[in-house]
Amino acid sequence: MSRLALVTGATSGIGRAFAARLAADGYDLVVVGRRQERLEEFAASRPGAGIRTVAADLSTDEGIDTVAGICADEPLDLLVNNAGVAHYMPLAELPADKARELVHVKVVAPTMLARAAVAGMRERGGGAIVNVAGMIAFSGPAPRSQMPRRAVYAGTLAHLVAMSQTLSAELEGTGVAVQVLCPGVVATEFHERQGLDLSAVPRMSADDVVTACLRGLELGEVVCAPGVEDAGLLDAVFRAQLAAFGGQSPELATRYRA
């Protein structure tokens, strides 16, 4: 019996690499993107694969609802929430329409698509949801001198980390896996579309990111960081978070007392 995967942002970069790998692995695919011609080109290049193309703009409620309907109605084995926009700039410089687009694509869309898919996965006793974030999700404590400020972008990725971890806990024992994929800088069109030239920066390939994700699912990783050799660094971050969460008290902390 064939497996079915839905990949958003499938017209380029990591999304296209996911679609190509999954098609090669025998999945039937629903590929989602804004550019119909690229979706059709991808499907035409693989005539033996079962590929359905869906042109949808996930920065709009209409686009999100269209794809969520597919997630709810189709027996998905794998949902890859990959669609993204960068809009790297400080909050004060971020135009309102770009802020809205970023939050819709990286927060609202993954939330609503996962919500739509998860009920059927639970009923079938299996499946996986992958939310593509990035290592910038962990960059909040960095000073301005260390890296450029991009508050909304970093915040949306941090949302995906926390949501994925919590959703994984909610689904424990159901057979449904959840992973948040956190690559670093990847060699795709993503940065070029923002007018950023990163050609001199060492970058991971999109194919390697997909390899890490699929292996991470086999390993049971909830947070997959393809470029982090020492996984203990991530474990230390999460232990510290839980320690802070568990260290709270109904008493006012001493440092806040006059």
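Residue numbers (our numbering): 4 to 261. Glycine included, every Cβ here is placed at the ideal spot set by N, Cα and C.
TODO: Note the first and the last residue of the continuous beta strand (DSSP E) segment covering R55.
DONE: Position 52 of the sequence shown, counting from 1, holds the residue named residue 55. Its beta strand (DSSP E) spans residues 54–58.
TODO: Please work out which residues of its chain come closer than 6 Å, Cβ to Cβ, to A46, disregarding the five sequence neighbours upstream and downstream, and give them in chain order.
DONE: In the sequence shown, counting from the first residue as 1, residue 46 sits at position 43. Excluding sequence neighbours, A46 sits near I54, T56.
TODO: Could you tell me whether the Cβ atoms of P32 and A52 are closer together than 9 Å?
DONE: Walking along the sequence shown from the start, residue 32 turns up at place 29. Walking along the sequence shown from the start, residue 52 turns up at place 49. Note on residue identity: the sequence assigns Leu, not Pro, to residue 32. Contact: yes.
Open item on the list: Using a 10 Å radius around the Cβ and a threshold of 16 neighbouring Cβ atoms, would you call M4 buried or exposed?
Closed with: On the sequence shown, position 1 is the one that residue 4 refers to. Classification for M4: exposed.
TODO: Look at the alpha carbon of V121 and the alpha carbon of V179, and state the distance between them as a whole number of angstroms.
DONE: By one-based count along the sequence shown, residue 121 stands at place 118. By one-based count along the sequence shown, residue 179 stands at place 176. The straight-line gap from Cα to Cα measures roughly 8 Å.
- [ ] Give the single residue among G12, T14, M115 whose Cα lies nearest to the Cα of D64.
- [x] To locate residue 64, count along the sequence shown from 1; it is residue 61. For the residues G12, T14, M115, the minimum Cα distance to D64 belongs to M115.
Task: Completely contained alpha helix (DSSP H) runs for the region 218–256, where each covers 4 or more residues - done: 234–249
Open item on the list: Just verifying my parser: in three-state terms, what is the DSSP assignment at D28?
Closed with: Here residue 28 refers to the residue found at position 25 of the sequence shown. Residue state, collapsed to three classes: coil.
Open item on the list: Going by the DSSP bridge assignment, what does M115 pair with across the sheet?
Closed with: For the purposes of this step, residue 115 is taken as residue 112 along the sequence shown, with counting starting at 1. According to DSSP, M115 bridges with nothing at all.
TODO: Throw me the rounded Cβ distance for the V225 and Q168 pair, which I believe falls under 8 Å.
DONE: As a first step, residue 225 is located in the sequence shown; it is residue number 222 there, counting from the start. As a first step, residue 168 is located in the sequence shown; it is residue number 165 there, counting from the start. About 6 Å separates the two Cβ atoms, so the contact holds.
TODO: Reducing DSSP to helix, strand and coil, say where L81 ends up.
DONE: Within the sequence shown, numbered from 1, the residue matching residue 81 stands at position 78. Correct three-state label for L81: strand.
Task: Distance between L217 and V35 (C-alpha atoms, nearest Å) - done: The sequence position of residue 35 within the sequence shown is 32, counting from 1. The sequence position of residue 217 within the sequence shown is 214, counting from 1. When rounded, the distance between both Cα atoms is 20 Å.
Open item on the list: Residues in the same chain with beta-carbon distance under 7 Å from T159, minus the five sequence neighbours each way, listed in chain order, please.
Closed with: In the sequence shown, residue 159 corresponds to position 156, counting from 1. L105, V106, K109, V110.
Task: Three-state secondary structure assigned by DSSP to V88 - done: Here residue 88 is taken as the residue at index 85 of the sequence shown, counted from 1. If DSSP states are grouped into helix, strand and coil, V88 belongs with coil.
TODO: Compare the C-alpha of R152 against each of N84, F241, H90 and name the closest.
DONE: As a working note, residue 152 is residue 149 in the sequence shown. Out of N84, F241, H90, the CA that lies nearest to the CA of R152 is found in H90.
Open item on the list: Less than 7 Å between C-beta atoms, sequence neighbours within five positions excluded: which residues of the same chain meet that for L97?
Closed with: For the purposes of this step, residue 97 is identified with residue 94 of the sequence shown, where counting begins at 1. So the list reads H90, V155, once near-sequence residues are dropped.
Task: Span of the alpha helix (DSSP H), counted from its first residue to its last, around T69 - done: Start at 1 with the first residue of the sequence shown, and residue 69 comes out as number 66. Looking at the DSSP string, the run of the alpha helix (DSSP H) that includes T69 is 64–76.
TODO: Say whether the region 123–133 touches the region 141–152, bearing in mind that this needs 3 or more beta-carbon pairs closer than 8 Å, one atom from each stretch.
DONE: no
TODO: Report yes or no: do three or more beta-carbon pairs, one from the region 77–87 and one from the region 10–29, lie closer than 8 Å?
DONE: yes
Open item on the list: Just to confirm the assignment: which complete beta strand (DSSP E) runs, minimum length 3, are found wholly within the region 97–170?
Closed with: 130–135
Open item on the list: On the DSSP letters alone, give me the boundaries of the alpha helix (DSSP H) that A46 sits inside.
Closed with: Counting from 1 along the sequence shown, the entry for residue 46 is found at position 43. 39–47 is the extent of the alpha helix (DSSP H) around A46.
TODO: May I ask which residues mark the beginning and end of the beta strand (DSSP E) holding Q11?
DONE: Along the sequence shown, one-based indexing puts residue 11 at 8. Per the sequence shown, the amino acid found at residue 11 is Thr instead of Gln. DSSP places T11 inside the beta strand (DSSP E), whose first and last residues are 7–11.
Open item on the list: Can you give me the C-alpha to C-alpha distance between A215 and C227, rounded to a whole angstrom?
Closed with: Working through the sequence shown from its first residue, we reach residue 215 at position 212. Working through the sequence shown from its first residue, we reach residue 227 at position 224. Spanning the alpha carbons of A215 and C227 requires a straight line of approximately 7 Å.
- [ ] Buried or exposed for S171, please, with buried defined as at least 16 other CB atoms from any protein chain shown within 10 angstroms of its CB.
- [x] Within the sequence shown, numbered from 1, the residue matching residue 171 stands at position 168. Per the 10 Å Cβ criterion, buried.
Open item on the list: DSSP three-state label for V212, please.
Closed with: On the sequence shown, residue 212 is found 209 positions in, with the first residue counted as 1. The answer is helix: DSSP assigns V212 an H, G or I state.
Open item on the list: For T69 and V240, I'd like the C-alpha separation in whole angstroms.
Closed with: Numbered from its first residue, the sequence shown carries residue 69 at position 66. Numbered from its first residue, the sequence shown carries residue 240 at position 237. Cα to Cα, the separation comes out at about 37 Å.
Open item on the list: Please state the DSSP three-state secondary structure of G18.
Closed with: Your numbering for residue 18 matches position 15 in the sequence shown. Here G18 sits in helix by DSSP.
- [ ] May I ask you to report which of helix, strand or coil DSSP gives A261?
- [x] In the sequence shown, the residue the question calls residue 261 occupies position 258. If DSSP states are grouped into helix, strand and coil, A261 belongs with coil.
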